[in-house]
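Accompanying notes for the structure given below.
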Amino acid sequence: MNFYRISLFFLLLLGFAACHFPSGSNVLPILGERDIVDGDTVYHQIPDFAFVDQDSQLITNNTFAGKAYVVDFFFISCPTICPTVTRQMMRIYERYKDDDRIFLVAHTIDPKRDTVGRLHQYASNLGVSTDKWHFLTGDKDAIYEIADDYFSIAIE
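In short: position in the sequence shown from 1, add 309, done, that's the working numbering.
Here it is, written out as structure tokens:
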């Protein structure tokens, strides 16, 4: 009986040690074909665009040259996902509002209703700086085309 207790104790101790101490490195394996690239990597490029923001200013891709910008697509009367996305954008805004290298851009997908005036009021209600967060409107087809270029899907 004593032999079984001692054996069980050592077996549990060995099991604990096997689970507790890592074996090998924490480097994930490369599955599939290994592809090593020398030189610069060319990432997805957004084509030139020009839209009007909530302050009636023309905003183009050159507005953000050399800067990073976070983009979303929304419409003011959206009752579902848009408020959730806007809350997440607000978190980004709060974190980077004093960083002049980062901007936020919100494209309306309902330019017929989301006029410059309504976008201005929307930004004002959020209490955000219009120099930091641009709410853009313009031609519906151009907005949907840029959404496609951003790999977004806008369904009417």
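Ideal placement from N, C-alpha and C gives every residue a C-beta, glycine not left out.
Under the three-state reduction of DSSP, Ala-451 is assigned to helix. Between Leu-428 and Phe-444 the beta-carbon gap is near 4 Å, inside 8 Å, which marks them as a contact. Val-380 sits in a strand when the DSSP states are folded into three classes. Rounded to whole angstroms, the separation of the alpha carbons of Tyr-459 and Ile-339 is 29 Å. In this structure Val-437 is buried. Its beta-carbon is surrounded by 16 or more other beta-carbon atoms within 10 angstroms.
For the 8 Å CB-CB criterion, Phe-384 and Thr-417 form a contact.
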